[in-house]
Amino acid sequence: MTTESTTEKPKTKGFALLSPRAGAAFLTPAGLLVAVFVIAPFFWVIFVSFTNRTLLGRTALNPEFIGFGNYLTLFDFDNFFQRGQFGFSLILTVQFVLFSALLGQALLGLLLAWLIQTVPPTVKRITETFVIAAWILPEVVIGFAWFAFLDRDQGTLNMLLTSVGLPPGDFLLEHPFWVIVFFNTWRGAAFSMMLFNSAFSSIPPSYFQAADVAGASSWQKFKDIALPLIRGHIVTDLILITMWTFNTFTPFLLTNGGPSYRTELISIYNYRVAFRDFEFGKGAAVGVIIMLINLAFALVYLSLGRKKRKA
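Each residue of the sequence shown is one higher than the one before, starting from 1 at the first, in UniProt numbering.
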C-alpha cells in the first residue's frame with residue numbers, strides 16, 4: 001500500500017504598500033481642496049438661493065431668508081416666456097442644444113468620421129491634425145476669430161461675399177441665434193469626429209471586407225455594420241455634448257447675449273443676473289436649477305452605462 005504525501009503550499013497574503021494612516025495622509029490634501037473649492041461652494045450656493053442677497057445695498061451684508069421666493073420669481077408664468085426672463089433663456093437653450101449638439105455636432109462629426117475612413121492615410125492624418133487643432137485651441141481665441149470673421153465692416157465673410165458680387169450682411173445683428181448655432185457646431189463637431197473615428201477604427205476590417213465581397217454599398221455598410229457596432233459610442237457622445245452645450249458660455253464672446261436677449265442662453269442669463277444685476281440670491285437659484293438639470297443628464301448617462309456593462 002502506497003501513500004502519497006501532499007504538501008500544502010503556504011498561503012501568501014497580499015500586503016499593502018501603504019498603511020491606512022499613510023494613505024489617509026496622502027489623501028488629506030486632495031480632500032481638503034475638494035471640500036474647500038467644490039463641496040463648500042456647492043452648499044453655499046444652495047443656501048444663498050433661499051435668500052435675497054445682493055452685491056450692493058442693505059441685503060449685501062444682512063441678507064434675509066425668503067424661502068422659495070427666488071424660485072417662484074423665476075417660474076412666474078405671467079412673464080415666463082418674455083425675452084430677458086428665465087423661461088425664455090431656458091427654452092432658447094433647449095433649442096440651441098437641439099440644433100447645435102444633436103443635429104449639428106453629432107451628425108456632422110459622425111459624417112466626417114465615416115468619410116475619412118475612405119481617404120488615403122496621409123489625407124486622414126492631415127485631417128485629424130486640423131480637427132485636433134480646432135478642438136484644443138482656447139475658446140476665447142476661437143470666439144474672437146469668429147467675431148472678426150463675421151464683422152459687418154471689416155469681416156472676412158463680407159469681403160468674400162462682396163468679391164463674388166453678393167451683398168454683405170450684418171449676421172450678428174440679423175441672425176444672431178443661427179450664428180451661435182453654426183459657431184458651436186463648428187467648434188464641437190471636432191470632438192464628435194474624434195470619438196467616432198476611434199470607434200470606427202476599432203471595428204475589425206474583415207467585417208467591411210466581407211461586405212465588399214457581397215457587393216454592399218457604402219450606405220449599407222454604414223447602416224448595417226458600423227452603426228450597430230458603435231451604438232454605445234453614439235450614446236456617450238450625445239450625452240456629453242448635450243451637457244457641454246447646455247452649459248457653454250462661449251457664445252457670449254460673439255453676441256454678449258443680444259441683441260435684445262435673442263441669444264441669452266441660460267448660462268449667460270445666470271451671469272447677467274448674478275454679476276450685472278448683482279442679484280446673488282436669484283443667480284444662485286438659477287445655478288441650482290442648472291445643477292439639477294446636469295444631475296439629470298449625469299444620471300441618464302450612468303444608467304445607460306450600467307445597462308451597457310450588464311449587456
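The C-beta atom is built at its ideal place from N, Cα and C for all residues, glycine as well.
It should be emphasised that the depicted structure is a prediction, and the values quoted were computed from it without experimental measurement.
On the DSSP bridge assignment, give the partners of F65 in chain order.
-> T51
Do you know how far the Cα of F43 is from the Cα of G23?
-> 28 Å
State the DSSP-derived secondary structure class of L92, mapped to helix, strand or coil.
-> helix
With respect to the alpha helix (DSSP H) encompassing P20, which residues constitute its N-terminal and C-terminal limits?
-> 20-34
Report the three-state DSSP secondary structure of Q220 (helix, strand or coil).
-> helix
Just to confirm, are F177 and T263 a CB contact at a threshold of 8 Å?
-> yes
With 16 as the cutoff for other CB atoms within 10 Å, does L210 come out buried or exposed?
-> First, the amino acid is wrong: residue 210 is Ala here, not Leu. Result: exposed.
Where does Q85 fall in DSSP's three states?
-> coil
Could you check which residue in N79, E279, N294 has the C-alpha nearest to that of N70?
-> E279
Can you tell me the Cβ-Cβ gap for Q117 and F200, rounded? I've got them flagged as a contact below 8 Å.
-> 5 Å
How many Å lie between D277 and Q220 at the Cα?
-> 55 Å
A214 burial status per 10 Å Cβ neighbour count (16 or more: buried) = exposed
Just the Cα atoms here: how many angstroms apart are T51 and V286?
-> 13 Å
How about R83 and G281: are their beta carbons less than 8 Å apart?
-> no
Report yes if the CB atom of L110 is closer than 8 Å to the CB atom of F196, and no otherwise.
-> yes
Determine the extent of the alpha helix (DSSP H) in which D212 is found, giving its start and end residues.
-> 205-213
On the premise that I180 lies in contact with P251, defined as a C-beta separation below 8 Å, what is that separation, rounded to the nearest angstrom?
-> 4 Å
Element boundaries [alpha helix (DSSP H), containing E174] = 171-174
To the nearest whole angstrom, what separates the beta carbons of L150 and L238, a pair I think is in contact under 8 Å?
-> That belief does not hold up - the Cβ atoms of L150 and L238 are roughly 28 Å apart, past 8 Å.
Once you ignore the five residues that flank V131 on each side, which residues in its own chain have a CB closer than 6 Å to its CB?
-> A190, M193
For the region 139-154 against the region 220-236, are there 3 or more C-beta pairs whose distance is under 8 Å?
-> no
Distance between G283 and L173 (C-alpha atoms, nearest Å) | 27 Å
For P41 and A216, the rounded distance between their alpha carbons = 57 Å
According to the neighbour-count rule (16 or more other Cβ atoms, all chains shown, within 10 Å of its Cβ), is G104 buried or exposed?
-> buried
Do you know whose CA, among V288, F88, I268, lies nearest T248's CA?
-> I268
Is the Cβ-Cβ distance between residue 333 and R272 less than 8 Å?
-> Nothing can be reported for residue 333: it is not among the residues displayed for the chain, which extend from 1 to 311.
Euclidean distance between Cα positions of Y301 and T236 = 7 Å
Confirm, please, whether the CB-CB distance from F246 to I203 is below 8 Å.
-> no
Got a sec: is the Cβ-Cβ distance from F252 to anything in chain C below 8 Å?
-> No chain C appears in the structure shown, which is made up of a single protein chain.
What are the boundary residues of the alpha helix (DSSP H) that Y269 is part of?
-> 266-275
Which whole-angstrom value describes the C-beta separation of residue 313 and T242, a residue pair presumed to lie in contact below a C-beta threshold of 8 Å?
-> Residue 313 cannot be examined here, being either before or after the span of the chain that is shown, 1 to 311.
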